[in-house]
Structure formats: C-alpha cells, structure tokens
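Numbering (the numbering used here), first residue to last: 782 to 1059.
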Amino acid sequence: MISSLIVYEETDLVAKKVSKILGCIVGNAKVCGLNEVTYDRSYRNLLVIFSNEQVDVVKRLFSVMDKLKTYHECNKTIVIECGGHPQYELYFASEMDDYYFILNKDKTYEIAAKIRETCSIEEKQMPEEELKQEIYHFLKEHNTGALATGINYQVRCTPIEYLFFNNCFYLISEGGMKFSGLLRNDQVSFSVFESYSSMNELMGMQVSGKASVIERDGKEFLEVFEKRGYLAETVEHLPIDMHIIKIVPNRYEFLCSDLKKKGYASKQIMVVNENHSR
C-alpha cells in the first residue's frame, strides 16, 4: 500500500501537533521530526509541515526537501503551512506538488481528509467494469456486515444481515437505536469483510451511502422479503412490524490482496454517481 513520510521541525510545536493529526487521518504514514528521519526505506508521498512564525525553521526545511525527496523516492510532495495567514507558497513552489494552508484545528481535519484522498490514489487501478464485477461478486458471496449510523454523540455500529440487488443494500430489522441515527442523518457506512488471517490475505470493503426506510405498503418492501424467502401473506401476519433499511451506495473502498496477482493495487476505489461511473 502507498506510504507517506510526514516531517516537521522538532522545535515547531504547532507543526508537531498538526503532523500527528495528519498521521492518524492520512494513514499508512511515518510521522517524525527532521532529526529523526532515517534513510532506510522509500515513501510514495512526502508531507512537510511548518508554522510560519519561525523563519529559521522554514528555511531549514526548505534546504533539505530535495534530499528527502531523492532518498525516499517520493512521487508527490505536499507542503502544509500553519499560521495567521499564508506567506510561503511561492517560496516552496519549485519543490512541491500541492500546497495547503491551515488556519485552525477544524481546518486541520478538513485538509487531512483531502490529503488522504490525494495520497491514497493507487497507480494500478482496475478498469471500471472489471472492478465493478469484483465488488459485486464479493458482496454476493457474503451476507453479513456492520452498519454504522449516528447523530451528534450517538453512534451505533450494528452487525446485520443484508441482501444486495439492484446495486443497493437491503437490511431487514425489527428496529433499534440505529434508527435514531439514520432517521435524522441518512449518511451511513457499511462494511463487509473476511476474518483476518495475515497481511497477505486481506479482504474487506467499506461502503458509503445514503440510507432510507422503505415504506411498508410498497412493492419494494414485499420484493425484499420474497428474496429472503418469505411470502407476502407471511409478512402481513407477523406479530410485530419489521423494517427494511435501503442503502444506495455512492462509494466503495475494496481492499483485496489477491488483486495484486492480477497486476493491480490491492486497494481499489469506485465512486458511483447518477451514471454509475467512477
């Protein structure tokens, strides 16, 4: 998987704090002070972070950037400046691919998410149709996942069976606290995965999407139960009301070690829009 080296200058406490946040969110990253950098391995991405209050720190980082990029064989260099207002974008222009300015802590999380997207793009992406077939095959080979719902401080992660057809997930439930979240926040996450055996045999999927509760008097409601093996008459005479959650996916993140055998990166991403394109 793609790895990143995140570097700050030890005396720059603001940069150190921001670096640790980025390290967690960007993921698969090594965070270290400039004096702690080792040259025993390569990293795909180099992130250099500094606050603009210490001119000597800025100059020191700039002076070693070329060495860092060369020794670590970095393909992408990102500069993150922290402080009252941006000052050094042009100063670093010749040494970087992307530049971000962080004004406050909230901005740190937002920018970290953007950088993760940039840094996690694999070079060996599968053709869209082939990837779609791999994803759908995996989902149809399984029937249980974990549904994450939430609103404010109320968060639930529920193990639950699912049906997957018409490019949507359908989850049958008697009710529960997960509905307290999804009825007020329709953005959900759903995961399906194999048991862990080793780092060379990883297989799992994270899905982001929009959830809704299907109306009981519609054809879709009965169709789901029929695919589950229940007749309409049986459903109508159940002693309690059952509910069906429908998830329309907008993003699939598929991690599968076996994809390397086909010449592709082990992590693949498929974003779904109205035209079902990536």
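C-beta: ideal position from N, C-alpha, C; glycine also.
(1) Have a look at Val988, Ile892, Tyr881 and His1018 and flag the residue whose alpha-carbon is nearest the alpha-carbon of Leu928.
(2) Please classify Pro1020 as buried or exposed, where buried requires at least 16 neighbouring CB atoms within 10 angstroms.
(3) In the DSSP output, which residue or residues are listed as bridge partners for Met1051?
(4) According to DSSP, which residues form a beta bridge with Ile787?
(5) Could you pull the DSSP bridge partners for Ala929 from this structure?
(6) Out of Lys1027, Cys863, Lys895 and Met958, point me to the one whose CA is closest to Glu996's CA.
(7) Take Thr930 as the anchor and find which of Lys857, Ser844 and Ser993 has the nearest alpha-carbon.
(8) State the DSSP-derived secondary structure class of Thr1015, mapped to helix, strand or coil.
(9) For Cys855, name the three-state secondary structure that DSSP assigns.
(10) Hey, Val795 and Gly804: beta-carbon distance below 8 angstroms or not?
(11) Count the other C-beta atoms from every protein chain shown that fall within 10 angstroms of the C-beta of Ala1013, then say buried if there are 16 or more, exposed otherwise.
(12) My guess is that Cys855 and Leu827 are in contact by the Cβ rule of under 8 angstroms, so how many angstroms apart are they, rounded?
(13) To the nearest whole angstrom, what separates the beta carbons of Ser785 and Cys900, a pair I think is in contact under 8 angstroms?
(14) Looking only at its chain, what residues have a beta carbon closer than 7 angstroms to the beta carbon of Ser800, apart from the 5 residues adjacent to it on each side?
(15) Hey, is the segment 907-925 in contact with the segment 1035-1053, meaning 3+ C-beta pairs nearer than 8 angstroms?
To lay it out plainly:
(1) With distances taken between Cα atoms, Leu928 lies closest to Val988.
(2) That one is exposed.
(3) Beta-bridge analysis with DSSP links Met1051 to Tyr1033.
(4) DSSP output for Ile787 lists Val812 and Leu828 as bridge partner(s).
(5) Cys938 and Ser970
(6) When C-alpha distances from Glu996 are compared across Lys1027, Cys863, Lys895 and Met958, the shortest belongs to Lys1027.
(7) Comparing Cα positions, the closest option is Ser993.
(8) helix
(9) coil
(10) no
(11) exposed
(12) 4 angstroms
(13) 5 angstroms
(14) Ile787, Tyr789, Val812 and Ile830
(15) Yes, they touch.
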